[in-house]
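Structure record follows, encoded as structure tokens.
In the UniProt record's numbering, the protein residues as written are 1 to 390.
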């Protein structure tokens with residue numbers, strides 16, 4: 001009987017994308033995959049796919065309700081999380097029972113669940129189904145979370161989470177864990193491929209790529225300050241500006257800005273990020289340091305300019321700037337504003353820092369080695385597949 005895995009992410013771009021990539025890798029090893037999302041996310045995924053692509057996909061996409069109304073604000077993370085926890089577990093259980101009853105040769109053999117929907121693992125456990133937890137952020141962040149009680153006890157951090165001293169933290173080997181490098185993930189938005197033609201016309205190693213993921217939001221003042229900073233530099237830049245990237249009106253300022261920078265700047269609502277980062281014209285990546293973007297930048301050997309927004313992004317920035325030394329951080333002024341002058345200065349510094357460029361290329365080779373035969377991620381994934389099959 002062919003193994004059948006159910007994969008369920010937390011309903012957000014940064015969680016769905018890496019689990020979709022993992023699902024495609026699993027399918028490539030002869031394992032059937034059913035990918036469970038909310039009805040809202042399912043509609044976004046199918047809308048972003050080419051016509052008839054869903055029917056051709058080796059992954060079965062199914063949806064369950066998240067408990068919210070169609071017009072509810074799903075960017076309200078507290079409201080979304082409360083609704084997901086309240087409504088989705090019962091629907092998830094019903095879905096598994098329905099699949100198991102449909103065909104004796106199509107029983108669910110494993111549930112892979114995002115740690116942000118840990119209740120799905122509890123459902124699988126109660127149903128006697130093998131399960132695996134997927135952590136969508138970096139392993140350092142996972143180790144930190146698992147060790148918080150111990151860190152307080154040992155005096156490494158205080159009760160408020162403030163570090164007492166600078167120590168390295170290692171993940172215990174007591175629980176099986178597979179560290180797998182995932183890059184080249186998908187998106188909910190249609191990618192604007194015209195930016196690739198624009199990149200083709202730019203000098204090698206000249207373009208500043210600016211993208212803040214799917215959830216980062218700026219206020220009007222900070223957004224305009226970033227725009228003025230990019231304008232000051234005088235370098236070509238590609239800037240991803242989502243329609244919801246600021247908490248205010250966008251079009252009036254942006255229209256005037258586009259007119260002023262038309263000879264050297266290009267703005268899109270969503271880019272094919274992996275291709276942009278791999279393009280020879282791309283010089284650096286001004287990023288929010290989400291884990292997916294961090295992996296993609298590393299795998300392409302692109303130096304970072306770090307502008308974290310929330311959660312593990314600050315931890316990722318520390319690795320990028322302090323541990324790996326493949327980027328620089330942007331520092332806010334006394335009013336919490338990252339000024340145009342800070343942006344201008346740091347980008348120019350980054351573009352001429354040969355040490356950071358060298359480190360970025362070295363890290364790229366390490367990442368490449370890990371996913372090729374004999375590499376650590378290659379071996380870990382092979383072990384994971386064997387666990388699913390047996």
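A virtual CB, placed ideally from N, CA and C, is assigned to each residue, including glycine.
**Message:** Once DSSP output is grouped into helix, strand and coil, what is the label at residue 169?
**Reply:** Here residue 169 refers to the residue found at position 169 when the chain shown is read from its first residue. With a pLDDT of only 45 at residue 169, under the threshold of 50, the placement of this residue in the model should not be trusted, and no figure is reported.
**Message:** Using C-beta distances below 8 angstroms, list every residue in its chain close to residue 121, excluding the 5 sequence neighbours before and after it, in chain order.
**Reply:** Translated into the one-based positions of the chain shown, residue 121 becomes position 121. Around residue 121: 111, 113, 131 and 133.
**residue 281 beta carbon less than 8 angstroms from that of residue 199** = Within the chain shown, the letter at position 199 stands for residue 199. Within the chain shown, the letter at position 281 stands for residue 281. Closer than 8 angstroms, so yes.
**Per-residue burial, residue 66 [other beta carbons within 10 Å of its own, 16 or more giving buried]** = Sequence index remark: in the chain shown, residue 66 carries index 66 (1-based). Residue 66 should be labelled buried.
**Item:** Cα-Cα separation, residue 64 to residue 108
**Value:** Position 64 of the chain shown holds residue 64. Position 108 of the chain shown holds residue 108. The alpha-carbon atoms of residue 64 and residue 108 are separated by roughly 17 angstroms.
**Request:** Specify, as a first and last residue, the run of the beta strand (DSSP E) that residue 111 falls within.
**Result:** For the purposes of this step, residue 111 is taken as the residue at position 111 of the chain shown. Segment 110–114, the beta strand (DSSP E) holding residue 111.
**Request:** Take residue 312 and list the residues in its own chain whose beta-carbon comes closer than 7 angstroms to its own, dropping the five residues that flank it on each side.
**Result:** Counted from its first residue, the chain shown places residue 312 at position 312. Scanning its chain for C-beta atoms nearer than 7 angstroms, with the 5 sequence neighbours on each side dropped, one finds around residue 312 the residues 137, 138, 141 and 291, in chain order.
**Request:** Output the distance between the C-alpha atoms of residue 354 and residue 303, rounded to the nearest integer angstrom.
**Result:** As a first step, residue 354 is located in the chain shown; it is residue number 354 there, counting from the start. As a first step, residue 303 is located in the chain shown; it is residue number 303 there, counting from the start. Computed Cα separation, rounded: 10 angstroms.
**Prompt:** Do you know offhand how far residue 60's Cα is from residue 35's?
**Reply:** Position 60 of the chain shown, counted from the start, is the residue given in the question as residue 60. Position 35 of the chain shown, counted from the start, is the residue given in the question as residue 35. For residue 60 and residue 35, the distance between alpha carbons rounds to 6 angstroms.
**Request:** Under 8 angstroms Cβ to Cβ from residue 14, same chain only, skipping five residues before and after it: list those, please.
**Result:** Within the chain shown, residue 14 is the residue found at index 14, counting from 1. Cβ within range, chain order: 136, 213, 214, 215, 290, 291 and 292.
**Cα-Cα separation between residue 385 and residue 329, rounded to whole angstroms** = Your numbering for residue 385 matches position 385 in the chain shown. Your numbering for residue 329 matches position 329 in the chain shown. If you take the alpha carbons of residue 385 and residue 329, they lie about 38 angstroms apart.
**Message:** Pop quiz: residue 351 and residue 306 are said to be a contact at Cβ under 8 angstroms. What is the actual Cβ separation, rounded to whole angstroms?
**Reply:** The sequence position of residue 351 within the chain shown is 351, counting from 1. The sequence position of residue 306 within the chain shown is 306, counting from 1. About 15 angstroms separates the two Cβ atoms, so there is no contact after all.
**Item:** Alpha carbon of residue 90 to alpha carbon of residue 119, nearest angstrom
**Value:** Residue mapping note: residue 90 aligns to position 90 of the chain shown, counting from 1. Residue mapping note: residue 119 aligns to position 119 of the chain shown, counting from 1. Whole-angstrom Cα-Cα distance: 10 angstroms.
**Enclosing alpha helix (DSSP H) for residue 201 [first to last residue]** = Here residue 201 corresponds to residue number 201 of the chain shown, with the count starting at 1. Looking at the DSSP string, residue 201 is not in any alpha helix (DSSP H), and its letter there is neither H nor E.
**CA-to-CA distance, residue 240 to residue 308, given in whole angstroms** = Reading the chain shown from its first residue, position 308 is the one you call residue 308. Reading the chain shown from its first residue, position 240 is the one you call residue 240. Those two C-alpha atoms are separated by around 16 angstroms.
**Prompt:** What is the C-beta distance between residue 231 and residue 261, in whole angstroms, given that I count them as a contact (C-beta under 8 angstroms)?
**Reply:** As a working mapping, residue 231 is identified with position 231 in the chain shown. As a working mapping, residue 261 is identified with position 261 in the chain shown. Here residue 231 really is in contact with residue 261; their C-beta atoms are around 6 angstroms apart, less than 8 angstroms.
**Item:** Where the alpha helix (DSSP H) containing residue 85 begins and where it ends
**Value:** As a first step, residue 85 is located in the chain shown; it is residue number 85 there, counting from the start. Taken as a continuous stretch (DSSP letters only), the alpha helix (DSSP H) holding residue 85 covers 77–102.
**Item:** Supposed close pair residue 379, residue 299 - CB separation, criterion 8 angstroms
**Value:** Counting from 1 along the chain shown, the entry for residue 379 is found at position 379. Counting from 1 along the chain shown, the entry for residue 299 is found at position 299. Contact flag wrong, Cβ pair sits at about 18 angstroms.
**Item:** Check whether residue 237 and residue 208 have beta carbons under 8 angstroms apart
**Value:** On the chain shown, position 237 is the one that residue 237 refers to. On the chain shown, position 208 is the one that residue 208 refers to. Yes.
**Cα-Cα separation between residue 178 and residue 19, rounded to whole angstroms** = Locating residue 178 in the chain shown gives position 178, counting from the first residue. Locating residue 19 in the chain shown gives position 19, counting from the first residue. Its pLDDT being 44, under 50, residue 178 is placed unreliably in this model, and the value from its coordinates should be taken loosely. Taking the straight line from one Cα to the other gives about 14 angstroms.
**Prompt:** Smallest Cα separation from residue 361: which of 390, 375, 85 and 325?
**Reply:** In the chain shown, residue 361 corresponds to position 361, counting from 1. Here the closest residue by C-alpha is 325.
**Message:** Are the CB atoms of residue 163 and residue 157 within a distance shorter than 8 angstroms?
**Reply:** In the chain shown, residue 157 corresponds to position 157, counting from 1. In the chain shown, residue 163 corresponds to position 163, counting from 1. A contact, by the Cβ cut-off of 8 angstroms.
**Message:** In the DSSP output, which residue or residues are listed as bridge partners for residue 123?
**Reply:** On the chain shown, residue 123 is found 123 positions in, with the first residue counted as 1. According to DSSP, which records beta bridges pairwise, residue 123 is partnered with nothing at all.
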